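Notes for the one structure printed next.
Numbering (my numbering), first residue to last: 32 to 137.
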């Protein structure tokens, strides 16, 4: 299984409007998508990578990558489907607990 690249970086913001302004106006990052998630009562704002909440690596086959990692003894979360893009993804953690997402673009 091969990593095909860095897909995205996610952050948690204490003040959404202030953070959105900073990343868009100050850093001039382009908004890829912006969605309100009712079940979480939070915004999901996709921008060009900046900041770090978790590392997301693009892969060609998320299910195969998950099976490969599990075969190496790595605990993983269940395979999921992104409700906005249809992409398949799952998470595991690095040795320090940093979430790592493996993302198969749709």
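All residues carry an ideal CB built from backbone N, CA and C; glycine is no exception. Since the model is a prediction, treat every value here as computed from it, not as a measurement.
*Leaving out the 5 sequence neighbours to the left and right, which residues in its chain are closer than 7 Å to residue 101 when beta-carbon positions are compared?*
Reading the chain shown from its first residue, position 70 is the one you call residue 101. So the list reads 107, once near-sequence residues are dropped.
*Could you give the distance in angstroms between the alpha-carbon of residue 132 and the alpha-carbon of residue 112?*
As a working note, residue 132 is residue 101 in the chain shown. As a working note, residue 112 is residue 81 in the chain shown. Rounded to whole angstroms, the separation of the alpha carbons of residue 112 and residue 132 is 12 Å.
*In this structure, what does DSSP give as the bridge partners for residue 34?*
For the purposes of this step, residue 34 is taken as residue 3 along the chain shown, with counting starting at 1. Note: residue 34 sits in a beta bridge opposite 90.
*Cβ neighbours of residue 87 in the same chain (closer than 6 Å, five flanking residues each side left out)*: Looking up residue 87 in the chain shown gives position 56. Answer for residue 87: 38, 39, 132 and 134, listed in chain order.
*Hey, how far is the Cα of residue 122 from the Cα of residue 55?*
Residue 122 sits at position 91 when you count from the first residue of the chain shown. Residue 55 sits at position 24 when you count from the first residue of the chain shown. Whole-angstrom Cα-Cα distance: 27 Å.
*Specify the secondary structure class of residue 137 as computed by DSSP and reduced to three states.*
Here residue 137 corresponds to residue number 106 of the chain shown, with the count starting at 1. It is coil, neither helix nor strand.
*What are the partner residues of residue 66, as DSSP defines its beta bridges?*
Translated into the one-based positions of the chain shown, residue 66 becomes position 35. According to DSSP, which records beta bridges pairwise, residue 66 is partnered with 75.
*Rank 44, 77 and 72 by C-alpha distance to the C-alpha of residue 64 and give the top, closest one.*
Taking the chain shown and counting its residues from 1, one reaches residue 64 at position 33. The shortest C-alpha separation from residue 64 is found at 77.
*What separation, rounded to the nearest whole angstrom, lies between the Cα atoms of residue 85 and residue 124?*
The residue you call residue 85 lines up with position 54 of the chain shown. The residue you call residue 124 lines up with position 93 of the chain shown. For residue 85 and residue 124, the distance between alpha carbons rounds to 9 Å.
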